[in-house]
Amino acid sequence: MIKLKSKRLNRSSYILSIILSFIAFCVIGGMLSALVDGIFGIQRVDGDVNGFVLAPLAIVMYVYQYIAGIYRLHDLDTNGWFLLFIFVPLANLITIIYLLFVKSHKDQNKWGEVPQGVNIMWMDRFKKGKTLDV
Numbered sequence: 176m177i178k179l180k181s182k183r184l185n186r187s188s189y190i191l192s193i194i195l196s197f198i199a200f201c202v203i204g205g206m207l208s209a210l211v212d213g214i215f216g217i218q219r220v221d222g223d224v225n226g227f228v229l230a231p232l233a234i235v236m237y238v239y240q241y242i243a244g245i246y247r248l249h250d251l252d253t254n255g256w257f258l259l260f261i262f263v264p265l266a267n268l269i270t271i272i273y274l275l276f277v278k279s280h281k282d283q284n285k286w287g288e289v290p291q292g293v294n295i296m297w298m299d300r301f302k303k304g305k306t307l308d309v
């Protein structure tokens, strides 16, 4: 079982993480689609093949965005389990609005210190001396 670190993600970092993951999905997905077209000669209009190729990439993007949502809820001093409302119709809209527009909790909470500046999830892993724990 994967245990997530106790971490907080402020509003601007959350929005930037979501946007960058979507851009990365589009770029990598486009390259994979072109690669499938170039190697196998399958046209991009064949949705079955491209769907099969892009599905694992989409799953990775959704997991990344879900973890970002959990960290954002931690910043709002709320348990990450509330993100399950994202799967309930109409409640998902309220949850997304809550994640995007509510200001961060101003004090330290049980999930850590107040995040300073804009931090993108796991980008600090490339710094010298950091470990790769999730």
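Positions 176 to 309 (the working numbering) are the ones given, in order, by the sequence shown. For glycine and all other residues, C-beta sits at the position ideal for the given N, C-alpha and C.
Using a 10 angstroms sphere on the CB of residue 243, the tally of other CB atoms reaches 16 or more, which defines it as buried. Scanning its chain for C-beta atoms nearer than 8 Å, with the 5 sequence neighbours on each side dropped, one finds around residue 258 the residues 241, 244, 245, 248, 270, in chain order. Contact between residue 232 and residue 195 does not hold, since the beta-carbon distance rounds to 15 Å and is not under 8 Å.
DSSP places residue 270 inside the alpha helix (DSSP H), whose first and last residues are 266-276. Residue pairing of residue 287 in beta bridges, as defined by DSSP: 284.
Each residue's CA atom was taken as its position, placing residue 229 and residue 209 some 12 Å apart. In the three-state scheme derived from DSSP, where H, G and I count as helix and E and B as strand, residue 238 is classed as helix.
For residue 275, the closest of 190, 182, 183 by C-alpha to C-alpha distance is 190. In the three-state DSSP reduction, residue 202 falls in the helix class (H, G or I). Residue 290 and residue 199 have their alpha carbons spaced roughly 24 Å apart. The residue among 262, 280, 211 with its C-alpha nearest the C-alpha of residue 227 is 211. In the structure shown, the three-state DSSP call for residue 250 is helix.
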